[in-house]
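Chemist:
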Amino acid sequence: MVVLGAGPAGLVLANILVDRGIDCVVLERAERAHVQTRARAGFLAANTVRILDRHGLAEGLHRRGQLHNTCEFRTEDGRFRLDYSGLGQGERHTVYPQQDLVTDLLTRFLERGGQIRFGVEAVAVRDADTDRPEVDVRDADGRPGLWRARYVAGCDGRHGAARRSLPAGTVRHHRDHGVTWLGLLAEAPPSLDAVGYAVHERGFAGHMARTSEVTRYYLQCERGTPADSWSEERIWDELDLRMRSKEYGPLQRGRIAQRSVVDLESDVLEPLRHGALFLAGDAAALISPSAAKGANLAVLEAEILAGALIAALTAGDPDGLDAYSERCLTHIWRAQEFSHWMIGLLHGPTGADGESLFHNALRRSRLTSLRTSRSQQDWFAEHYVGI
Ligand code: RFL
14 MVVLGAGPAG
24 LVLANILVDR
34 GIDCVVLERA
44 ERAHVQTRAR
54 AGFLAANTVR
64 ILDRHGLAEG
74 LHRRGQLHNT
84 CEFRTEDGRF
94 RLDYSGLGQG
104 ERHTVYPQQD
114 LVTDLLTRFL
124 ERGGQIRFGV
134 EAVAVRDADT
144 DRPEVDVRDA
154 DGRPGLWRAR
164 YVAGCDGRHG
174 AARRSLPAGT
184 VRHHRDHGVT
194 WLGLLAEAPP
204 SLDAVGYAVH
214 ERGFAGHMAR
224 TSEVTRYYLQ
234 CERGTPADSW
244 SEERIWDELD
254 LRMRSKEYGP
264 LQRGRIAQRS
274 VVDLESDVLE
284 PLRHGALFLA
294 GDAAALISPS
304 AAKGANLAVL
314 EAEILAGALI
324 AALTAGDPDG
334 LDAYSERCLT
344 HIWRAQEFSH
354 WMIGLLHGPT
364 GADGESLFHN
374 ALRRSRLTSL
384 RTSRSQQDWF
394 AEHYVGI
């Protein structure tokens with residue numbers, strides 16, 4: 014078995030397979046240090062934690078992660094909080110930085126005797142319609158190589174080789190939401206004990222805890238904004254304004270340690286299987302980070318794929334592999350639907366034309382429903398913390 018990519022999808026899959034004695038190698042383009050320090054997600058849904066628990070992969074997050082159950086909306090109509098552990102199915106998030114999860118998964122995989130090759134980039138997957146697919150690779154010095162396996166799992170993200178190797182008939186559903194975020198990691202403790210969503214006429218601002226010393230912030234910005242074009246002072250002033258710090262309390266400032274620009278886009282590939290090649294995680298579907306679903310879907314799909322591969326390889330039962338694509342797509346589209354709803358809830362056009370005013374009135378009404386309707390809150394909680 015060859016797994017492309019050492020992100021959450023690839024490492025969860027590889028851990029489960031190796032634990033069941035299946036021979037498997039992970040090929041990762043980046044070096045180990047890079048993989049272990051790449052800050053991205055942080056909010057793990059309750060079901061994700063259950064999956065990691067089932068496979069002995071959750072020790073670190075139970076030790077160092079923090080339980081989270083509240084989000085706060087700040088809008089032109091005031092602020093309100095939702096304690097989602099008391100709504101919906103009563104579940105919570107565990108906040109645990111993705112790079113720490115990846116480090117734990119990697120450590121466990123190596124302890125289990127797994128093999129991983131860093132600095133090896135998959136270039137193409139060939140002969141996926143046979144039972145002897147091949148992966149062309151090159152190392153950091155550009156030297157070519159070849160891996161053969163019974164199956165290949167494409168867990169190499171949206172720009173990986175698995176996507177590039179799909180046949181012409183594969184459908185890619187794609188949407189660009191026309192919204193851009195400046196994603197920031199601040200060396201500062203969280204400023205509130207909740208996820209903060211600020212809806213403001215100047216654009217969205219978000220606050221998400223990561224650890225007691227690091228906090229993630231988002232600022233909606235113009236498309237095409239270079240990541241380094243805003244000074245730290247401008248960032249904090251803008252966050253203060255949009256988060257309405259004068260009314261609700263100051264933000265804890267600190268050095269901006271990392272910044273990136275994220276264009277909010279979604280896509281879904283269909284089907285997720287081409288012969289012996291399977292897609293999982295961001296390679297299968299890209300989901301905008303507005304609803305914090307990407308890493309959670311990656312873990313869920315990895316578990317589904319692992320179960321199907323184990324059945325096929327140990328008992329000759331192909332049913333799980335045949336059903337893989339459809340099973341995952343059901344989860345993916347549900348998450349996409351909620352993520353779209355969140356984008357509409359948090360962003361509006363900034364213009365003063367009739368269309369913008371209409372859109373913003375709808376957004377305001379949606380927020381009012383969320384503030385006042387218990388059934389709407391239950392629906393929100395179920396989708397926000399579950400999939
Ligand atoms: P990853 O994590 O991108 O890992 C893919 C790995 O494949 C390697 N690779 C290759 N290796 C070999 N050959 C090639 N040709 C290769 N091409 C690539 C890469 O180096 C990498 O190591 O994909 P995976 O495993 O599918 O995991 C997906 C998640 O990383 C992603 O969905 C989340 O980070 C999305 N996301 C969030 N998800 C959540 O569930 N909760 C959150 O709070 C959350 N916050 C976020 C996010 C994504 C963000 N960005 C950067 C878009 C916040 C942000 C800012």
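Mind the numbering: the sequence shown is residues 14 to 400 in my numbering, read in order.
Cβ atoms here follow ideal geometry from the backbone N, Cα and C, with glycine treated the same way.
Remember, it's a predicted structure, so these values are computed and weren't measured experimentally.
(1) With a CB to CB cut of under 7 Å and the five nearest residues on each side skipped, what residues in its chain are close to S303?
(2) Using a Cβ-based criterion (distance less than 7 Å to any ligand heavy atom), does E44 qualify as near the ligand RFL?
(3) Tell me whether K306 is buried or exposed, calling it buried when 16 or more other Cβ atoms sit within 10 Å of its Cβ.
(4) Output the boundary residues of the alpha helix (DSSP H) element that contains D90.
(5) Can you round the beta-carbon distance between T193 and R236 to whole angstroms, since I take them to be within the 8 Å contact cut?
(6) May I ask you to report which of helix, strand or coil DSSP gives H372?
(7) Quick one: what does DSSP say C168 is sitting in, helix, strand or coil?
(8) Shorter than 7 Å, the distance from the beta carbon of A394 to the closest heavy atom of the ligand RFL, or not?
(9) Per the DSSP calculation, S401 is bridged to which residue(s)?
(10) How long is the line joining the alpha carbons of I129 and L198, rounded to whole angstroms?
(11) May I have the straight-line CA-CA distance separating P331 from L252, to the nearest angstrom?
(12) At the level of alpha carbons, what is the spacing between D144 and R163?
(13) Inspect the CB distances between the stretch 318-334 and the stretch 360-377 and report whether three or more fall short of 8 Å.
(14) Helix or strand or just coil, what does DSSP make of S279?
(15) Tell me whether L40 sits in a helix, a strand or coil according to DSSP, three-state version.
(16) Taking only three categories from DSSP, how would you classify R229?
(17) Tell me whether I300 sits in a helix, a strand or coil according to DSSP, three-state version.
(18) At a cut of 8 Å, does the stretch 126-140 reach the stretch 55-73 through at least three beta carbon pairs?
(19) Pick helix, strand or coil for W243, following the three-state DSSP scheme.
(20) Helix, strand or coil for L70 per DSSP?
(21) Please state whether DSSP places E134 in a helix, a strand or coil.
(22) Applying the criterion that 16 or more other CB atoms from any shown protein chain within 10 Å of the CB defines a buried residue, is D66 buried or exposed?
(23) Among the residues of its own chain, which have a CB less than 7 Å from the CB of Y261, if the five just before and after it don't count?
(24) Hey, would you say the C-beta of L95 is under 7 Å away from at least one heavy atom of the ligand RFL?
(25) Determine the DSSP secondary structure at D189, reduced to helix, strand or coil.
(26) Check whether the Cβ atoms of P219 and R272 sit closer than 8 Å, and answer yes or no.
(27) Locate the beta strand (DSSP E) running through A218, then write down its first and last residues.
(28) Have a look at the DSSP bridge pairing and note the partners of G173.
(29) Hey, could you find the ends of the beta strand (DSSP E) H344 is sitting in?
(30) Quick one: is A394 buried, meaning 16 or more other Cβ sit within 10 Å of its Cβ, or exposed?
(31) For H213, which of helix, strand or coil comes out of DSSP?
(32) Tell me which residue opens and which closes the alpha helix (DSSP H) that P146 is part of.
(33) Let's see if you can read the secondary structure: which residues bound the beta strand (DSSP E) around R161?
(34) Specify the secondary structure class of R125 as computed by DSSP and reduced to three states.
(35) Let me check you understand the geometry: is the CB of P21 closer than 7 Å to at least one non-hydrogen atom of the ligand RFL?
(36) Around the Cβ of S388, are there at least 16 other Cβ atoms within 10 angstroms (buried) or fewer (exposed)?
Modeler: In terms of the structure at hand:
(1) Walking along the sequence shown from the start, residue 303 turns up at place 290. L277, S352, M355, I356 and L359, listed in sequence order.
(2) Numbered from its first residue, the sequence shown carries residue 44 at position 31. No - the ligand RFL has no heavy atom lying nearer than 7 Å to the Cβ of E44.
(3) Here residue 306 corresponds to residue number 293 of the sequence shown, with the count starting at 1. The residue in question, K306, is buried, as its Cβ has 16 or more Cβ neighbours within 10 Å.
(4) The residue you call residue 90 lines up with position 77 of the sequence shown. Element bounds for D90: n/a, residue is neither H nor E.
(5) Translated into the one-based positions of the sequence shown, residue 193 becomes position 180. Translated into the one-based positions of the sequence shown, residue 236 becomes position 223. The Cβ separation is near 5 Å, so the contact holds.
(6) As a first step, residue 372 must be located in the sequence shown, where it is residue number 359. H372 falls in the helix class under three-state DSSP.
(7) Your numbering for residue 168 matches position 155 in the sequence shown. Note: C168 maps to coil in three-state DSSP.
(8) To locate residue 394, count along the sequence shown from 1; it is residue 381. No, the Cβ of A394 stays beyond 7 Å of every heavy atom of the ligand RFL.
(9) For the chain, the structure presents residues 14 to 400; residue 401 sits outside this window and is missing.
(10) Translated into the one-based positions of the sequence shown, residue 129 becomes position 116. Translated into the one-based positions of the sequence shown, residue 198 becomes position 185. When rounded, the distance between both Cα atoms is 29 Å.
(11) Taking the sequence shown and counting its residues from 1, the one referred to as residue 331 is at position 318. Taking the sequence shown and counting its residues from 1, the one referred to as residue 252 is at position 239. Approximately 52 Å, taken between the alpha carbons.
(12) Position 131 of the sequence shown, counting from 1, holds the residue named residue 144. Position 150 of the sequence shown, counting from 1, holds the residue named residue 163. Cα to Cα, the separation comes out at about 6 Å.
(13) With the rule of 3 Cβ pairs closer than 8 Å, the stretch 318-334 does not count as touching the stretch 360-377.
(14) Here residue 279 is taken as the residue at index 266 of the sequence shown, counted from 1. S279 falls in the strand class under three-state DSSP.
(15) Counted from its first residue, the sequence shown places residue 40 at position 27. Here L40 sits in strand by DSSP.
(16) On the sequence shown, position 216 is the one that residue 229 refers to. Residue state, collapsed to three classes: strand.
(17) Working through the sequence shown from its first residue, we reach residue 300 at position 287. In the three-state reduction of the DSSP assignment, I300 falls in the coil class, being assigned neither a helical nor a strand state.
(18) As far as the Cβ criterion goes, the stretch 126-140 does not touch the stretch 55-73, which means the pair count is below three.
(19) Stepping through the sequence shown from its first residue, residue 243 is reached at position 230. Here W243 sits in coil by DSSP.
(20) Numbered from 1 along the sequence shown, position 57 holds the residue referred to as residue 70. Three-state result, L70: coil.
(21) In the sequence shown, counting from the first residue as 1, residue 134 sits at position 121. Of the three classes helix, strand and coil, the one that applies to E134 here is strand, per DSSP.
(22) In the sequence shown, counting from the first residue as 1, residue 66 sits at position 53. Looking at its Cβ environment, which holds fewer than 16 other Cβ atoms inside 10 Å, D66 is exposed.
(23) Your numbering for residue 261 matches position 248 in the sequence shown. Closer than 7 Å at the Cβ level, and outside the excluded window around Y261, lie R87 and R92.
(24) Numbered from its first residue, the sequence shown carries residue 95 at position 82. No, Cβ of L95 sits at least 7 Å from all heavy atoms of the ligand RFL.
(25) As a first step, residue 189 must be located in the sequence shown, where it is residue number 176. DSSP places D189 in strand when its eight states are reduced to three.
(26) Position 206 of the sequence shown, counting from 1, holds the residue named residue 219. Position 259 of the sequence shown, counting from 1, holds the residue named residue 272. The identity of residue 219 in the sequence shown is Gly, whereas the question assumes Pro. Cβ distance not < 8 Å, so G219 and R272 don't count as in contact.
(27) Sequence index remark: in the sequence shown, residue 218 carries index 205 (1-based). Here the beta strand (DSSP E) through A218 covers A218 to A222.
(28) Locating residue 173 in the sequence shown gives position 160, where the first residue counts as 1. Its beta-bridge partners do not exist; DSSP assigns none.
(29) The residue you call residue 344 lines up with position 331 of the sequence shown. Taken as a continuous stretch (DSSP letters only), H344 belongs to no beta strand (DSSP E), being part of the alpha helix (DSSP H) at D332 to L359.
(30) Taking the first residue of the sequence shown as 1, we reach residue 394 at position 381. By the 10 Å Cβ count, A394 comes out buried.
(31) Looking up residue 213 in the sequence shown gives position 200. Of the three classes helix, strand and coil, the one that applies to H213 here is coil, per DSSP.
(32) For the purposes of this step, residue 146 is taken as the residue at position 133 of the sequence shown. Taken as a continuous stretch (DSSP letters only), P146 belongs to no alpha helix (DSSP H), as it is neither H nor E.
(33) Stepping through the sequence shown from its first residue, residue 161 is reached at position 148. That run of the beta strand (DSSP E) goes P157 to R161.
(34) Reading the sequence shown from its first residue, position 112 is the one you call residue 125. Coil.
(35) Within the sequence shown, residue 21 is the residue found at index 8, counting from 1. At least one heavy atom of the ligand RFL is nearer than 7 Å to the Cβ of P21, so yes.
(36) If you number the sequence shown from 1, residue 388 lands on position 375. With fewer than 16 other beta carbons inside 10 angstroms of its own, S388 counts as exposed.
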